Amino acid sequence: MKSTGLAVLLLGLSLCLPSAGQAMDHVPGPLNVEVTVGESETEVYLLIDELLFRHWFQLEPTEIPDLDPESVGDWGDFGQRVVTWLEREAPLQVDGVQVIPVIDDLEWQEGFDLNDFLNYVGITLKYPTKSLPQELEFLWSRYDTEDGFPLESVYMILTGADDFQILRFREDDPFQIWNPPEARPVIDPESVAPGLTPPLNLKLGWLLAILALARLGLGTFDSWGARVPWLVLLLVGIVAPFDVSVSHPLKPAIQLPKAEDSVALFETLHRNIYRAFDYEDEGQIYDILARSVNEEILPDLYDDVHESLMMKIEEQAISKVETVRNIESKVDLPENPDRPAYDVFATWEVIGTVKHYGHGHWRKNVSRARYTVEWIEGLGWRLAHCELIDQRRIDDGQESVK
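Quick note on the working numbering: the sequence shown kicks off at 35 and runs consecutively.
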């Protein structure tokens with residue numbers, strides 16, 4: 035029923051003309067730069083409006099659709115001039131060595147109503163790295179424009195390697211250096227069981243027999259009748275020995291992981307929550323979530339995370355999670371736990387993006403919550419309880435970087 039209502043709503047929206055506010059949401063700036071850092075290559079995507087492209091490159095962008103009719107990636111002299119310009123005006127050094135870009139795609143994007151009929155050139159570049167780079171040095175040297183009003187800043191959105199950054203270039207500060215973040219420890223939540231101190235089994239029957247035997251052998255008695263109780267105790271200890279289990283006086287019954295391991299366990303489980311939403315099939319999302327979350331809270335947590343990732347542009351869209359940063363994870367380990375569980379007070383940020391019409395929107399949520407991490411027999415450590423304390427949201431990151 036809900037899906038039918040949503041379909042009707044979307045159909046109604048599709049029949050309406052966009053408002054001025056909606057149109058503004060879809061007008062990229064004159065220059066948009068997005069970088070994706072991978073293990074074997076770094077991809078750079080530039081979206082440049084046609085006037086700025088002509089001014090900088092001294093090329094006619096309307097020729098682009100006819101450059102590669104066979105779709106083999108051969109852009110001829112046009113492409114070589116683009117590469118030469120980028121090597122000179124926007125070089126990229128990988129681990130101290132300048133790398134020549136390879137054009138992966140050139141696009142001529144004609145305007146449409148939602149972006150005020152502005153035309154753009156999209157350039158996708160690949161920089162081979164063969165392994166995850168330890169340092170990327172970017173330079174952007176051009177800020178002049180065709181109308182004589184220079185760009186105040188050039189922004190670059192960088193994602194990858196468990197990181198998300200917005201790099202800002204200015205004429206008086208044209209260099210930016212990126213290094214991969216330090217890897218956070220990861221602990222398998224299904225293989226690190228809590229320490230369970232077994233009870234001490236006291237052979238009470240044998241202890242009584244030994245005590246009785248010692249008393250009979252070493253003690254003095256006034257009469258035979260005084261020996262009878264000790265003889266009975268000796269006989270009971272030998273004929274019917276029994277054990278008594280008592281708690282270990284020096285160790286707690288449950289030994290939780292040490293603080294740093296408890297943090298690593300929580301953050302491993304927590305990151306997997308958002309990793310699940312990389313999948314599109316709802317069944318797969320639930321399966322991945324079940325590897326981090328107790329089934330009792332799974333439906334509510336699914337709804338909460340799904341809603342937090344919704345990005346309202348001109349339609350409802352799920353943002354792609356680029357990175358999850360655990361800002362602070364404070365564990366509360368009880369001294370004498372009665373069950374294998376502990377609480378975590380966590381602060382984290384989630385950064386997601388939605389790309390459409392040749393440009394992107396990004397969103398950052400900063401949240402605080404209290405979690406309970408519990409060992410469930412047969413499954414492993416799971417998030418068993420979540421209480422959201424607060425959440426702050428930036429709806430459209432494009433606005434904050436202009």
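Where is the CB? At the ideal position from N, CA and C, for every residue including glycine.
All of these numbers come straight from a predicted model, not from anything done at the bench.
Between the C-alpha atoms of Thr193 and Asp372 there is a straight-line separation of about 43 Å.
For the pair Asp129 and Thr163, the Cα-to-Cα distance works out to about 9 Å. Shown here for Glu73: same chain residues with a beta carbon closer than 6 Å to its own, the five before and five after excluded, namely Leu166 in chain order.
Cβ atoms of Arg402 and Val358 stay farther apart than 8 Å, at about 14 Å. By a beta-carbon distance limit of 8 Å, Glu408 does not contact Ser363. Their separation comes to about 16 Å.
Secondary structure in the segment 302-355: the beta strand (DSSP E) runs of 3 residues or longer, each lying completely within the stretch, are 344-346 and 350-352 in chain order. Between Gln289 and Pro228 a beta carbon distance of about 6 Å is seen, short of the 8 Å cut, so the two are scored as contacting.
Per DSSP, Leu192 is not a residue of any alpha helix (DSSP H); the beta strand (DSSP E) it occupies stretches across Val188 to Gly194. Residue pairing by DSSP places Glu75 opposite Pro162 in a beta bridge. Only buried fits Tyr161, as 16 or more other CB atoms lie within 10 angstroms of its CB. Excluding residues up to 5 positions away in sequence, Leu101, Ile137 and Leu140 lie with their Cβ nearer than 8 Å to the Cβ of Gly113 in the same chain. For the pair Val116 and Ile157, the CB atoms are nearer than the 8 Å cut-off. Contact between Ser187 and Arg202 holds, with the beta-carbon distance rounding to 5 Å and staying under 8 Å. Non-local beta-carbon contacts of Ile82 in its own chain, meaning distances under 6 Å to residues more than five positions away in sequence, involve Leu65 and Val155 in chain order. With respect to the C-alpha of Gln168, the residue from Ile191, Pro135, Asp295 and Val131 having the closest C-alpha is Val131.
Per DSSP, Asp139 is one residue of the beta strand (DSSP E) stretching across Val136 to Gln143. Short of 6 Å from the beta carbon of Ala293, and not among the five residues preceding or following it, lie these beta carbons of its own chain, in chain order: Val365. In the structure shown, Val226 falls within a coil segment according to DSSP collapsed to helix, strand and coil.
Rounded to the nearest whole angstrom, the C-alpha separation of Pro374 and Ala418 is 11 Å.
Around the beta-carbon of Pro263, fewer than 16 other beta-carbon atoms lie within 10 Å, marking it exposed.
In this structure Tyr336 does not touch Asp377 by the C-beta definition: roughly 22 Å separates them, more than the 8 Å allowed. Ala248 sits exposed, since fewer than 16 C-beta atoms from the chains shown fall within 10 Å of its C-beta. Straight-line measurement puts the Cα of Glu94 at about 16 Å from the Cα of Gly145.
Taking C-beta atoms as the reference points, Leu299 and Trp415 count as a pair closer than 8 Å.
In this model, Ser296 and His340 are separated by some 27 Å (Cα to Cα). Secondary structure of Ser105 (DSSP, three-state): coil. Bridge partners of Phe172 according to DSSP: Leu126 and Gln210. Assigned with DSSP and collapsed to three states, Thr381 falls in strand. One alpha carbon belongs to Thr179, the other to Pro125, and they sit about 19 Å apart. The beta carbons of Leu80 and Val67 sit closer together than 8 Å. In the structure shown, Glu362 falls within a strand segment according to DSSP collapsed to helix, strand and coil.
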